[in-house]
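When we follow the numbering used here, the leftmost residue of the sequence shown carries the number 1, and every step to the right adds one.
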Amino acid sequence: MVGTLTKEAASVFDYVIVGGGSAGCVLASRLSEDSDVSVCLLEAGPPDRHPLIHMPMGIIWMMRSKVLNWNFYTQGEPEMGGRRMFWPRGRTLGGSSSSNAMCYLRGHPDDYDQWAALGNPGWSFADVLPYFKRSQNQERGASAYHGTGGPLNVADLRSPSPLTQVFIDAGVQAGLPYNTDFNGPNPEGVGPFQVTQKDGRRCSTARGYLAPARARANLTVITGAHATQVLFENNRAVGVEYKHQGRLQHVRANLEVILSAGAIQSPRLLMLSGVGMPGNSNRSASNPGIICRVSERICRIISMSCWYRPVPGRSPMALPGAVFCAAGSICCVIWWPVAGCSPPMARKAAG
């Protein structure tokens, strides 16, 4: 049975956003710019106060945190000898932008153009580029592909590992084109990534977008709020049920309920709410025409162990330096077509 909600039983806002991650923080900031509407942001994790969130080196700890990471695993994959693959997802304000490697990559322009060609107007690279430029503050300065003055700071690494240049030089010697801007006209080659950092600290969407908006009277942010289902009236989403401090709470949306809980949690919440394929949740599916799928394709990452002798007086921690190099400073991107891989196609719900 799909949950219902009476106005008297819940707090009421114009917009209710589920998930205070990479997208949710942006939505909360942008929507609350209109002082005539009220916005509520629900985040299952805690506030982003832990110092290791903001310290780039903290990525090593964040990946396995039992509090700030969901620590998802896939089911056993036949193509990988039955192994279960680790699937980290951020669980705090900023979501995975508070725990990722901070590499600033937009994706290949050809993918956007193919999405538009498949029947998705407004998704070509020329269409989305102005929004990328608007969102960023490129420390190198504005150009045809980059903007300044936006909330998301994009910078060059301040202290790259000595192994970074060695790795890049090896790629160039192997015939790969040297590339200093993977978000420029050609995203192929080998070179240093730019990162979403400001003054040596992580610039997550929580820091770039949400923090400046927190003082607005029309924005309410509730952390530790784990959404359990979307609530409906006459097949229209009108609110959200969530667990907070051990109690079930309800919040109502006068205008829209927005799911931005990520590629795993958003489909899961829909299925828990009775939306999706019959048999995919412990509640009956009320709208089997909507199919929720997570991509079956994986991203391949080639890992290498790098060891070097630290220079006396300069690098007292050889192992962390090498690990950080592998996690965030060695930057190599090689794009090539993989058999069976194609951009997602627009899918229309049956009926």
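Even for Gly, the Cβ is constructed at its ideal location relative to N, Cα and C.
Being a predicted model, the structure only gives us computed values, none of them experimental.
task = Under 8 Å by Cβ, that's how I've got Tyr-145 and Asn-183 pegged, so tell me the actual separation to the nearest angstrom.
result = Within the sequence shown, numbered from 1, the residue matching residue 145 stands at position 145. Within the sequence shown, numbered from 1, the residue matching residue 183 stands at position 183. About 6 Å; that satisfies the 8 Å criterion.
task = Run the CB neighbour count on Ala-322, radius 10 Å, all protein chains shown included, and call it buried at 16 or more, exposed below.
result = As a position in the sequence shown, residue 322 is number 322, starting the count at 1. The predicted position of Ala-322 is uncertain, since its pLDDT is 33 and thus under 50; no value can be drawn from it.
task = List in chain order: all unbroken beta strand (DSSP E) runs of 3+ residues lying wholly within the segment 124 to 195.
result = As far as the segment 124 to 195 is concerned, its whole beta strand (DSSP E) runs of at least 3 residues are 136 to 138 and 152 to 156.
request  = Have a look at Ile-17 and Ala-263 and give me their C-alpha separation to the nearest angstrom.
outcome  = Numbered from 1 along the sequence shown, position 17 holds the residue referred to as residue 17. Numbered from 1 along the sequence shown, position 263 holds the residue referred to as residue 263. When rounded, the distance between both Cα atoms is 15 Å.
ask   = Can you name the residues that DSSP bridges to Tyr-242?
value = Here residue 242 corresponds to residue number 242 of the sequence shown, with the count starting at 1. DSSP, once it has assigned bridges, lists Ala-227 and Gln-249 as partnering Tyr-242.
task = Could you tell me which residues DSSP puts in a beta bridge with Glu-77?
result = Residue numbering aside, residue 77 sits at position 77 when the sequence shown is read from its first letter. The partner list for Glu-77 (beta bridge, DSSP) reads Arg-83.
key: Straight-line gap, Asp-156 to Asp-111 (C-alpha atoms, nearest Å)   = Within the sequence shown, residue 156 is the residue found at index 156, counting from 1. Within the sequence shown, residue 111 is the residue found at index 111, counting from 1. Each residue's alpha carbon lies about 25 Å from the other.
key: Collapsed DSSP secondary structure at Pro-344 in the structure displayed   = Working through the sequence shown from its first residue, we reach residue 344 at position 344. Summary for Pro-344: the model assigns pLDDT 34, below 50, so the residue's position carries little reliability; its value from the coordinates is reported in the next sentence. In this structure, Pro-344 counts as coil in the three-state DSSP scheme.
ask   = Looking at Ile-222 and Leu-427, is the spacing between their C-beta atoms short of 9 Å?
value = A question about residue 427 goes unanswered here, because the residues of the chain that appear run from 1 up to 351.
ask   = Which residue's Cα is closest to the Cα of Ser-99: Val-238, Trp-115 and His-54?
value = Translated into positions along the sequence shown, residue 99 becomes position 99. Out of Val-238, Trp-115 and His-54, His-54 has the C-alpha closest to the C-alpha of Ser-99.
query = Buried or exposed: which applies to Asp-48, given that a residue is buried once 16 or more other Cβ atoms fall within 10 Å of its Cβ?
reply = Working through the sequence shown from its first residue, we reach residue 48 at position 48. When all chains shown are included, Asp-48 counts as buried.
message = Please classify Ser-97 as buried or exposed, where buried requires at least 16 other C-beta atoms within 10 Å of its C-beta.
response = For the purposes of this step, residue 97 is taken as residue 97 along the sequence shown, with counting starting at 1. The C-beta of Ser-97 has 16 or more other C-beta atoms within 10 Å across all chains shown, which makes the residue buried.
message = Just to confirm my understanding: we take Thr-395, look at its own chain, exclude 5 residues before and 5 after, and list those with CB closer than 8 Å. What are they?
response = This structure gives no information on residue 395, because the portion of the chain shown stretches from 1 to 351.
ask   = Using CA coordinates, which residue listed in His-108, Pro-151, Arg-247 and Ala-101 is at the minimum distance from Ala-355?
value = Limits of the chain in this structure are 1 at one end and 351 at the other, which puts residue 355 out of reach.
Backbone secondary structure at Thr-205 - three-state DSSP = Reading the sequence shown from its first residue, position 205 is the one you call residue 205. Helix at Thr-205.
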